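Sequential numbering from 6 applies to the sequence shown in our numbering. Remarks on the structure that follows.
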Amino acid sequence: MTPAPDPALRSRSRRWAIWIHAPLVGLIAAAVVVAEVAGIPFVVFTRDVFSTAEVPVYTGLLSNVGILLWAAGVAICLFVRVAGSRADAGGFLLVSALLTAVLLVDDLFMLHEWVIPRVLGIPEEAVLTGYAAAAIAYAAAYRARIRARAPLVFTGAIALLAGSLFLDLLESPPAPMWHVLSEEGLKLLGIGTWLLFLAGAASEPRERLP
Numbered sequence: 006m007t008p009a010p011d012p013a014l015r016s017r018s019r020r021w022a023i024w025i026h027a028p029l030v031g032l033i034a035a036a037v038v039v040a041e042v043a044g045i046p047f048v049v050f051t052r053d054v055f056s057t058a059e060v061p062v063y064t065g066l067l068s069n070v071g072i073l074l075w076a077a078g079v080a081i082c083l084f085v086r087v088a089g090s091r092a093d094a095g096g097f098l099l100v101s102a103l104l105t106a107v108l109l110v111d112d113l114f115m116l117h118e119w120v121i122p123r124v125l126g127i128p129e130e131a132v133l134t135g136y137a138a139a140a141i142a143y144a145a146a147y148r149a150r151i152r153a154r155a156p157l158v159f160t161g162a163i164a165l166l167a168g169s170l171f172l173d174l175l176e177s178p179p180a181p182m183w184h185v186l187s188e189e190g191l192k193l194l195g196i197g198t199w200l201l202f203l204a205g206a207a208s209e210p211r212e213r214l215p
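See the structure below:
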């Protein structure tokens, strides 16, 4: 005999359906409005970048892998947060997800390199200084958690990402291959190390969370 559906589970599923589909419908609607107002063909918002730009599929390979790693970090934090982390750990996971999501969006849309300086007129250095301040505030606010879990992994992630940003600021096109390799290599390793830190922090048994 098939068991009756759990009302609580059905209610939770409906809530999740709303949380997932409402933003997606809003995004599609926003794309339609922007396309109409700005006179941009709607297909620009829907077609794959490779087919639109007519570039090889391996274009931006390392950058795309980095985006996937950022997204994995956000997903891990949000999943553990929603799945039932301790109340005092929930804030840490939520802030970690938010910080990682900001870096994801920045990396995906080249915010600090192109969009913010050209659209808002804010220098790239000022944006990076803001990110550095956010990282310092994050480390200060959750220093006990970081120290209790994987301080070396956290420090390694910050050092790798900071090294990549430093090389980015020094870059003057055309950059030699060694410069690009060093900058992008440090960045990808830094994102991977950040994901390792988040995965370790989020997977701690709840009874061990300080």
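In this text, a Cβ means the ideal position worked out from N, Cα and C, and glycines have one as well. Values in this document were obtained by computation on a predicted structure and should not be read as measured data.
field: Cβ neighbour criterion (16 or more within 10 Å) applied to His-26
entry: exposed
- prompt: Whose CA, out of Ser-177, Gly-195, Val-124, Phe-50, lies closest to the CA of Leu-74?
  reply: The candidate whose alpha carbon is nearest that of Leu-74 is Gly-195.
query: Could you give the distance in angstroms between the alpha-carbon of Ala-164 and the alpha-carbon of Pro-122?
result: Ala-164 and Pro-122: Cα-Cα distance of roughly 25 Å.
query: Does DSSP put Val-62 in a helix, in a strand, or in coil?
result: coil
- request: Over the uninterrupted alpha helix (DSSP H) stretch that includes Ile-196, give me the two end residues.
  value: 182-207
task: Please classify Pro-178: does DSSP put it in a helix, a strand, or coil?
output: coil
task: For my contact list, Ala-177 and Leu-191 are in at a C-beta cut-off of 8 Å; report their separation, rounded to the angstrom.
output: According to the sequence shown, residue 177 is Ser rather than Ala. Going by Cβ atoms, the distance from Ser-177 to Leu-191 rounds to 18 Å, so no, they are not a contact pair.
- request: Assign Ser-151 to one of two classes, buried (16 or more other C-beta atoms within 10 Å of its C-beta) or exposed (fewer than that).
  value: Rather than Ser, the amino acid found at residue 151 in this sequence is Ile. By the neighbour-count definition (other C-beta atoms within 10 Å, threshold 16), Ile-151 is a buried residue.
message: Do Ile-81 and Ala-207 have their beta-carbon atoms positioned less than 8 Å apart in this structure?
response: yes
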